[in-house]
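Enquirer: Just so you know, we're using my numbering here: the sequence shown kicks off at 22 and counts up by one.
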Amino acid sequence: MSESTPENETTTHFGYQNVPVADKQKRVADVFHSVAQKYDIMNDIMSGGIHRLWKRYTIDMSGARAGHTILDLAGGTGDLTAMFSKRVGKTGKVFLADINESMLKVGRDRMIDRGLVNNIEYAQVNAESLPFANNTFDCVTIAFGLRNVTDKQKALESMFRVIKPGGRLLVLEFSKPVFPWLSKIYDQYSFSLLPKFGEWVTGDADSYQYLAESIRMHPDQETLKDMFNTAGFEDCEYHNLTGGIVALHRGFKY
Ligand SMILES: C[S@@+](CC[C@H](N)C(=O)[O-])C[C@H]1O[C@@H](n2cnc3c(N)ncnc32)[C@H](O)[C@@H]1O
């Protein structure tokens, strides 16, 4: 498995398929254009609502407070942005940033519908090359997004650059279950039920097959922690959630 995709490599993985590096971004984009309108309902169905608890925990670990500037990267439909917006208040700011305009549009409409309009900015960005000045953010989060990025190490380095000294990065992502019995049940669920749910709700089984495969190709807990260290983060740690189905990684920039 290639955790990162250095520029001299010509292929990378898209789920279990090997694709030219230059094609991956477009294929990921097609997935999120296809599911954007039904993304939120699918999250609740797939996780039985538990994704809300994982996200709440992420906010609790963020240290965000009034006046902070936050980057919710790969923020999609804005679950974290909405919670951060309330935390940072009138004197703070949250950037909802995503590479995909369909996801961003659903996210922006959701924030407006909830009356969250005063402290949120929107940005269409690639996590690998963030268009923000050095030392801008008190906290950067990327929830269920890093898995989709072609060059993950480059993205972590880009995030490191834009975080202020004293700030932190939180990566919430699917990871490796810590109990063999859980892995078995989870594999059955992911490869038989998940694509069927995807087909029923979004009419797109392939995108949910990609989801199941991309989770298996993503770096495990310790590998991702090493990647944090390589990017320059310190005091790196992770917390397994729901038996390691998901992990929250955290690192600081000093
Ligand atoms: C599974 S969604 C997660 C959305 C949201 N963070 C959440 O937890 O509900 C993954 C998001 O990552 C975005 N994404 C994929 N590759 C990206 C990249 N290179 N840079 C920024 N965002 C990216 C997708 O467009 C999509 O909106």
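Using N, Cα and C, we set each Cβ at its ideal position, and we do this for glycine too.
#1: By DSSP, does alanine 144 sit in helix, in strand, or in coil?
#2: Who are tyrosine 259's beta bridge partners in DSSP?
#3: Would you kindly work out how many angstroms separate the C-alpha atoms of methionine 180 and valine 146, rounded to a whole number?
#4: Reducing DSSP to helix, strand and coil, say where lysine 197 ends up.
#5: By how many angstroms is the C-alpha of aspartate 100 removed from the C-alpha of arginine 86?
#6: If we require 3 or more residues per run, which beta strand (DSSP E) segments fall completely within the segment 96-140?
#7: Going by other Cβ atoms of all chains shown within 10 Å of its Cβ, with 16 needed for buried, is serine 213 buried or exposed?
#8: Return the chain-ordered list of same chain residues with a C-beta closer than 6 Å to the C-beta of phenylalanine 35, the five sequence neighbours on each side being excluded.
#9: What does threonine 90 pair with, by DSSP beta-bridge criteria?
#10: Let me know the secondary structure DSSP gives threonine 31 once reduced to three states.
#11: Going straight from the alpha carbon of valine 52 to that of proline 198, what length do you get?
#12: Which of helix, strand or coil does DSSP assign to asparagine 155?
#13: What does glutamine 290 pair with, by DSSP beta-bridge criteria?
#14: Out of Leu177, Tyr210 and Lys111, which has the shortest C-alpha to C-alpha gap to threonine 162?
#15: According to DSSP, what are the bridge partners of alanine 43?
#16: CA-CA distance, lysine 274 and alanine 144?
#17: Going by other Cβ atoms of all chains shown within 10 Å of its Cβ, with 16 needed for buried, is proline 216 buried or exposed?
#18: List the whole-angstrom C-beta distance separating arginine 174 from threonine 244, where the pair is believed to meet the contact cut-off of C-beta under 8 Å.
#19: Considering only the alpha carbon of each residue, which of Asp159, Ile133 and Arg135 lies closest to glycine 113?
#20: Would you say the segment 188-195 touches the segment 117-129, given that touching needs at least three Cβ pairs under 8 Å?
#21: Check whether the segment 259-274 and the segment 88-96 are in contact - that is, three or more C-beta pairs closer than 8 Å.
#22: Report the partner residues of leucine 190 according to the DSSP bridge assignment.
#23: Could you tell me the boundaries of the alpha helix (DSSP H) in which arginine 77 lies?
Expert: According to the structure data:
#1: In this structure, alanine 144 counts as strand in the three-state DSSP scheme.
#2: According to DSSP, tyrosine 259 bridges with His270.
#3: Per the coordinates, the alpha-carbon of methionine 180 lies some 12 Å from the alpha-carbon of valine 146.
#4: Of the three classes helix, strand and coil, the one that applies to lysine 197 here is coil, per DSSP.
#5: Distance from the CA atom of arginine 86 to the CA atom of aspartate 100, rounded to whole angstroms, is 17 Å.
#6: Runs of the beta strand (DSSP E) inside the segment 96-140: 114-119.
#7: Classified as exposed, serine 213 has fewer than 16 neighbouring CB atoms from the shown chains inside 10 Å of its CB.
#8: Cβ within range, chain order: Lys45 and Arg48.
#9: Beta-bridge pairing links threonine 90 to Lys114.
#10: Reduced to three states, the DSSP call for threonine 31 is coil.
#11: Roughly 25 Å separates the two Cα atoms.
#12: Looking at asparagine 155 - three-state DSSP - the assignment turns out to be coil, as it is neither helix nor strand.
#13: Nothing about residue 290 can be read from this structure; the chain reaches only from 22 to 275.
#14: Closest in alpha carbon position to threonine 162, among Leu177, Tyr210 and Lys111, is Leu177.
#15: For alanine 43, DSSP assigns no beta-bridge partner whatsoever.
#16: Lysine 274 and alanine 144: Cα-Cα distance of roughly 23 Å.
#17: Buried is the call here.
#18: Checking the displayed sequence, the identity of residue 174 turns out to be glutamine instead of arginine. With 8 Å as the limit, glutamine 174 and threonine 244 do not qualify as a contact, their Cβ atoms being about 11 Å apart.
#19: Taking only the C-alpha atoms, the option nearest glycine 113 is Asp159.
#20: Short answer: they don't touch.
#21: No, they do not touch.
#22: Leucine 190 is bridged to Val161 and Gly272.
#23: Run containing arginine 77: 71-81, per the alpha helix (DSSP H) assignment.
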